[in-house]
Amino acid sequence: MKMLVGQAVLMVLVSSVAVVVKDFTKTCPQFFATPNGKTTPPTVFIGSQYKEICHKQASQNVYEFASHYDSKNRIPVYSAYVFVGRQPCKRKNDLYIEPQLDDQNKGPDMASESSVSKPATHQALNGDYKGSGYHKRHLYPVFHTNTQSCADSTFTLTNAAPQHPSFNMGEWKSMENGLEKLLDKDCLPNKAFVVTGVVPSLNPAQFTTNGRVNVPSHFWNAYCCLNNNDKPLFSGGYLSSNDKDPGKPFTSASALDQDLTNLYPAPFQVFGGQCG
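Residue numbers -18 to -1, 1 to 258, in mature numbering (1 follows the signal peptide of the UniProt record, and there is no 0), belong to the letters of the sequence shown in order.
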């Protein structure tokens, strides 16, 4: 009886869904920029380690954002979302996992770590970060959400990567704050598409303490503002090394594409080269 009660409580607490899909441009295309009317997701890497995920709240049946996930390094490649303004939302202490990454027979509901065998083969766990010296940094930040259901959906380890604490609390936080103000003032009520990603470290030593989660060498961000006719109004980018003194690396979206092409193992474009 106690077990059944515990399971019922878990179902109430965990109402977010993260669906592993074959093509997120078909399942949740609304999070990718549409310059000149063409849906242009960021580059999707080929290989069994890479997964496409659409996140939503089960009770709302509305997708909230999309992630391209690297199950080998146990970090996302990027998360894509639409910024529509910000409202204060409550935060959670722990992040949930995506059971489908380790067992295709599992349902789409995000769950606590106790729902999978430990260690999870294809994704990070909260314990991987303990004692590592790194923060669990949301790529789609709670700070950029405008509903509690949307905020809740971001609390998944498929939307988080290890970030240096000084960078997290300093320059990166400043960038997120500045982006929120920029898009709110100069883009809305037009359409503001945002993508935030990481570049995995090639150094075998750059993993969390237990050796399971890759510590990214770089964090990046890009945004594209489109008018209601899908014509680009403005765009921009940001790329920084993941350390305590990253500097102020703002750039253009096109320059970011070139930088990421040099850092990733394949040519990379965030907005298909259509947003500047």
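All C-beta atoms in this analysis are idealised placements derived from N, C-alpha and C, irrespective of residue type, glycine included.
Query	Result
Cβ-based burial, Asp91 [other Cβ within 10 Å; buried from 16]	buried
Limits of the unbroken beta strand (DSSP E) element including Thr178	Lys173 to Val181
Helix, strand or coil at His117 [DSSP, three-state]	strand
Buried/exposed call for Pro24, threshold 16 Cβ in 10 Å	buried
Chain-order list of residues whose beta-carbon lies under 6 Å from that of Glu46 (same chain, five-residue window excluded)	His37, Lys38, Cys132 and Ser135
Inter-residue spacing [alpha-carbon to alpha-carbon] between Val176 and Tyr63	5 Å
With 16 other Cβ atoms within 10 Å as the buried cut-off, status of Thr191	exposed
Contacts around Phe250, its chain only, beta-carbon distance under 8 Å, and the 5 residues preceding and following it disregarded	Pro24, Thr25, Asp239, Leu242 and Thr243
Cβ-Cβ distance between Tyr220 and Thr233 below 8 Å	yes
Beta-carbon gap between Asn141 and Tyr122 smaller than 8 Å	yes
Burial state of Asp225, where buried means 16 or more other Cβ atoms lie within 10 Å	exposed
Beta-carbon proximity of Thr22 to Gly254, cut-off 8 Å	yes
Cβ separation of Pro58 and Phe149, assumed to be a contact under 8 Å, to the nearest whole Å	Between Phe149 and Pro58 the Cβ distance is about 17 Å, and since that is not below 8 Å, they are no contact.
Of the listed residues His50, Gln86, Val124 and Leu77, nearest to Ser96 (C-alpha basis)	Leu77
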